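A.B. asks: In this note's numbering, the protein residues as written are 6 to 87.
This is the structure I want to talk about, given as structure tokens.
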């Protein structure tokens, strides 16, 4: 019940009223406080996507296309990572 889309926006229709949404949030906060869980929110870590890759030379050839594709994909590595 934490998702504000439940009260509606430009894309999603409202499925509950703002009053019920606010009451549910107050109750959730009250229960979290009574259980000592107010500080358990996860912090999102940013992770940069790999943008540099290299491909080792292929030495094997498989007749099965699936096996060949798996082998070729296994040869791809990120730059700077062993």
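All residues carry an ideal CB built from backbone N, CA and C; glycine is no exception.
Note that the structure is a prediction, hence the values are computed from the model and not measured.
Hey, how far is the Cα of residue 34 from the Cα of residue 56?
C.D. replies: Locating residue 34 in the chain shown gives position 29, counting from the first residue. Locating residue 56 in the chain shown gives position 51, counting from the first residue. Going from the Cα of residue 34 to the Cα of residue 56 covers about 41 angstroms.
A.B. asks: What residue range does the beta strand (DSSP E) around residue 25 cover?
C.D. replies: Taking the chain shown and counting its residues from 1, the one referred to as residue 25 is at position 20. Segment 23-39 is the alpha helix (DSSP H) holding residue 25; no beta strand (DSSP E) there.
A.B. asks: Relative to the C-alpha of residue 26, which residue among 49, 8, 39 is closest?
C.D. replies: For the purposes of this step, residue 26 is taken as residue 21 along the chain shown, with counting starting at 1. Closest by alpha carbon: 8.
A.B. asks: Who are the near neighbours of residue 76 in its chain, counting only those whose CB is closer than 8 angstroms to its CB and skipping five residues on each side?
C.D. replies: Position 71 of the chain shown, counted from the first residue, corresponds to residue 76. For residue 76, where only same-chain residues beyond five positions count, the Cβ hits under 8 angstroms are 63, 65, 67.
A.B. asks: If I measure Cβ to Cβ from residue 73 and keep anything under 6 angstroms in the same chain, skipping five residues before and after, which residues do I get?
C.D. replies: The residue labelled residue 73 in the question sits at position 68 within the chain shown. Cβ within range, chain order: 67.
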